[in-house]
Each structure stands twice: as C-alpha cells, then as structure tokens.
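Engineer: Residue numbers (full-length UniProt numbering): 1 to 369. Where is the CB? At the ideal position from N, CA and C, for every residue including glycine. A quick note: this is a predicted structure, and the numbers were derived from the prediction, not measured.
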C-alpha cells in the first residue's frame, strides 16, 4: 500500500498521527516538530538601547549553548576513536588538469573542485576512515576516473556506479561489467536520467533493479525534486524485488514539515521502514535544513527516524564536495555528535550510524579497528 493511501494529513495533527501509528518495540519517544519563536513583543516594549542590550544577551546565550555542545562533541569524538567512521555519500570528479585524460560529460562541467586528492585531505582532517563514492553526472556513464580512484585506494573507498536507463540492454550489461570486473558495490538510480515520460518501473528500470539484487549490490535512489514524485516507483520496485537492498539518499530530500505536502513526504519516508531491505542516509543536511550549521531544525527528525528505522538501517554521509562550501567537511561529521545529548542518541546508535551500518552492508570493504 502506498503512503498516499493513508489520506490527507495536517502538520498540526502530527503528534496525534505519531501516537496512532505503532512503532517498533525498541522505539524512543517521538518528538513533535516545533519552529523556534523569537520574542518580538519584548523587543517592541523596550527602548532602542534596551533592545540592543537584550539582543546582545540573547546572542551570547546562544553562543554559550553552541560552545557547550561543541565541548560535548569533542568529548564524544574521543570516545569514537575506536570506531570506524564511514562516509556513505561522497562524489569525486577529475580536476581541470586530470580532465585532459578523464573528460567531463558535455554540459555537465563541475562548478567546484571535487578531486580525490581533496577528498582524501578532507577525510584525514575530519577523522573519517572510509567512504562510499557515488558516480556523479560530471562524468555521466564514463566511470574511468572513479575506477582509477578505487584502484589507487584499496580499503579506503567503495564505488557506487550510475545506472544507464537508456532503452535497450546496454545498461544492464554495463552494470554487470562494473560490478563483476571493477568491483562496484552499489548503483545509483537517478530518475531524471530516464527517457522522457518514462518511470523507474519501466522494463529497463525493473531489469536494472532485479540485476542489482542478483549481483548482491545496493540501489541508491536520488530524489532531488522530492520523494513524493518517486515514492510509488520505489515502493513498487521494493515490493516486486525484495531481494534488492535499497539506499535512500539525503533523508529522501524531506525537509522539516511545515505544510501538508512536506508532511506527506516525511510520512512516506517513514513508511518505507516496512520494507526490511530499505536503508536511509542521514546525509547532506544542508540540502534539507532551513537553518545553518548545526541544522537544529533537523534534530527532531533524527530522533523520529532512529525510532522508526533503528540505527542499524541508517548511515551518516556528508555529500562531499558540495558540503565543503556549506558548513565544511569536518563540521558535517559533527552534526550528529552535537545533536546526541539533545535528542538522546546513544553511543551504540552513533557507532552504527557513523560507520557500523555501512561496514555491515559492504562486508569486508573496511576492516574493523
């Protein structure tokens, strides 16, 4: 049953709906979504000087709160030294110099630098041990650059290739070759690369999805324009091919819900928990948050999705290199650490989300400490 069949909902009824929907026995309490409020009435009642002083006190209080969270985050980082930290979502593409050998796809030239050297440096500075590299459209279906990066860094990276949904059998044979000959362990379904007016559930899409299950690799869904546009395709594929494991990128691009459409998208994401083969990436927080780092409007969502899916079906990811110009790579790794004490993430939860889930999905690719 599609999530659309549950009928209309409203943001105001969120807490009631959560109470009605049964959660796993190990669930934690679900927190309602609340927008932060600012005391404008207090400001209006003050003189200009008083208003300035009030704002100053408020800013200082907020700074102390963030500083305290960073201190606890630093302490948590010390605890995590014995964990493997795995980034489930990064991209790389050739530098301008490397592009002479590994050219970009026409019209998809990158606007920022995303070389493997830059990624390795960011991971070293951020204390990240390994990563799943997702083929990006800058090289489209030419995987030669990514394949070279994987070959040069054994034990560091795992590859996720890009599905070619063109009409015919070429895409399926390409996928099989990338997995059996070059060691790719996942494939990305970008629905916007399907032929015009075609869905991911067409004959080619089903053949690719079934082949992924046969090969034992995961399928990652990139719903850039919103989960609601693609949820029916995802549910149909999951229902018809339960053998194929699934990764949902970037929280399904679901924002903290402020209207009925956003609420339906969030409910659809949570509804995917009924498929035991579905995993969700807690990644690219800057794409879904309406706030700046540390993206506190997402923190209640973290609590809810951990309660619904469980930490063993969740993976942290950065979305390098795009995250570099947003909050920076190291800060991206620290978001869940900062949220930990506010929303009750346990050390065991953190260990799974920050690396153990990825290590279980891609067994043998990153050796435990």
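Helix, strand or coil: how does DSSP classify residue 107 here?
Structural biologist: It is coil, neither helix nor strand.
Engineer: Considering only DSSP beta bridges, list what residue 160 is partnered with.
Structural biologist: Answer is 134 and 186, bridged to residue 160.
Engineer: Taking the alpha-carbon of residue 134 as reference, which of 167, 101, 189 and 171 has the nearest alpha-carbon?
Structural biologist: Answer by Cα proximity: 189.
Engineer: Can you check the stretch 176-262 for any alpha helix (DSSP H) of at least 4 residues that lies completely inside it and give the ranges in chain order?
Structural biologist: You should have 203-215 and 231-240.
Engineer: At the level of alpha carbons, what is the spacing between residue 305 and residue 214?
Structural biologist: Cα-Cα distance, rounded: 29 Å.
Engineer: With 16 as the cutoff for other CB atoms within 10 Å, does residue 112 come out buried or exposed?
Structural biologist: Per the 10 Å Cβ criterion, exposed.
Engineer: For residue 332, which option in 277, 270, 97 and 250 has the closest C-alpha, if you only look at C-alpha atoms?
Structural biologist: Considering only alpha carbons, the answer is 250.
Engineer: Beta-carbon within less than 6 Å of residue 311's beta-carbon, same chain only, minus the 5 sequence neighbours each way: which residues are those?
Structural biologist: Counting only Cβ-Cβ distances below 6 Å, and skipping sequence neighbours, we find 349, 352 and 353.
Engineer: If residue 172 and residue 208 are in contact, beta carbons under 8 Å, what's the gap, nearest whole angstrom?
Structural biologist: Sure, about 6 Å apart at Cβ, within 8 Å.
Engineer: Going straight from the alpha carbon of residue 363 to that of residue 129, what length do you get?
Structural biologist: Answer to the nearest angstrom: the Cα atoms are 15 Å apart.
Engineer: So for residue 117, helix, strand or coil by DSSP?
Structural biologist: Residue state, collapsed to three classes: helix.
Engineer: I'd like to know if the stretch 320-329 and the stretch 263-274 are in contact, where contact means that at least 3 CB-CB pairs between them fall below 8 Å.
Structural biologist: Judged by Cβ distances under 8 Å, the stretch 320-329 makes no contact with the stretch 263-274, as fewer than three pairs qualify.
Engineer: How should residue 338 be labelled, buried or exposed, when 16 other C-beta atoms within 10 angstroms of its C-beta is the threshold for buried?
Structural biologist: Answer is buried; the Cβ neighbour count reaches 16.
Engineer: Just to check, is the beta-carbon of residue 95 closer than 8 Å to a non-hydrogen atom of the ligand GDP?
Structural biologist: As for the ligand GDP, it is missing from this structure, which has no ligand bound.
Engineer: Pairs of beta-carbons, one from the stretch 291-299 and one from the stretch 94-101, closer than 8 Å: are there three or more?
Structural biologist: Not touching, per the Cβ criterion.
Engineer: Assign residue 152 to buried or exposed, taking buried as 16 or more other Cβ atoms, counted over all protein chains shown, within 10 Å of its Cβ.
Structural biologist: Result: exposed.
Engineer: Taking the alpha-carbon positions, what's the residue 372 to residue 178 distance?
Structural biologist: Any answer about residue 372 is impossible in this case: the structure gives the chain only from 1 up to 369.
Engineer: Using the three-state DSSP reduction, which class does residue 283 fall into: helix, strand or coil?
Structural biologist: Here residue 283 sits in strand by DSSP.
Engineer: To the nearest angstrom, how far is it from the Cα of residue 341 to the Cα of residue 303?
Structural biologist: Taking the straight line from one Cα to the other gives about 11 Å.
Engineer: So residue 342 is in the alpha helix (DSSP H); what residue range does that whole segment cover?
Structural biologist: Where residue 342 is concerned, the enclosing alpha helix (DSSP H) stretches over 329-343.
Engineer: How would you label residue 281, buried or exposed, when you count the other beta carbons within 10 angstroms and need 16 or more for buried?
Structural biologist: That one is buried.
Engineer: Using the rule of at least 16 other Cβ atoms within 10 Å of the residue's Cβ for burial, across every protein chain shown, is residue 252 buried or exposed?
Structural biologist: Buried, by the Cβ-count rule.
Engineer: Between the alpha carbons of residue 365 and residue 106, how many angstroms are there, rounded?
Structural biologist: Spanning the two alpha carbons is a distance of roughly 33 Å.
Engineer: If you run the structure through DSSP and keep just helix, strand and coil, what is residue 322?
Structural biologist: Helix.
Engineer: Once you ignore the five residues that flank residue 126 on each side, which residues in its own chain have a CB closer than 7 Å to its CB?
Structural biologist: Hits under 7 Å: 329, 330 and 333.
Engineer: Three-state secondary structure (DSSP) at residue 366?
Structural biologist: DSSP places residue 366 in coil when its eight states are reduced to three.
Engineer: Should residue 39 be labelled buried (16 or more other beta-carbon atoms within 10 Å of its own) or exposed?
Structural biologist: Low confidence applies to residue 39: its pLDDT is 43, below 50, so where it sits in the model is not reliable, and the reading given next is rough at best. Exposed.
Engineer: Going by DSSP in three states, residue 90 sits in which element: helix, strand or coil?
Structural biologist: If DSSP states are grouped into helix, strand and coil, residue 90 belongs with the strands.
Engineer: Does the Cβ-Cβ distance between residue 159 and residue 143 come in under 9 Å?
Structural biologist: Yes.
Engineer: Under the three-state reduction of DSSP, which class applies to residue 172: helix, strand or coil?
Structural biologist: Helix at residue 172.
Engineer: With a 10 Å radius around its C-beta and 16 neighbouring C-beta atoms as the bar for buried, classify residue 255 as buried or exposed.
Structural biologist: So residue 255 ends up on the buried side.
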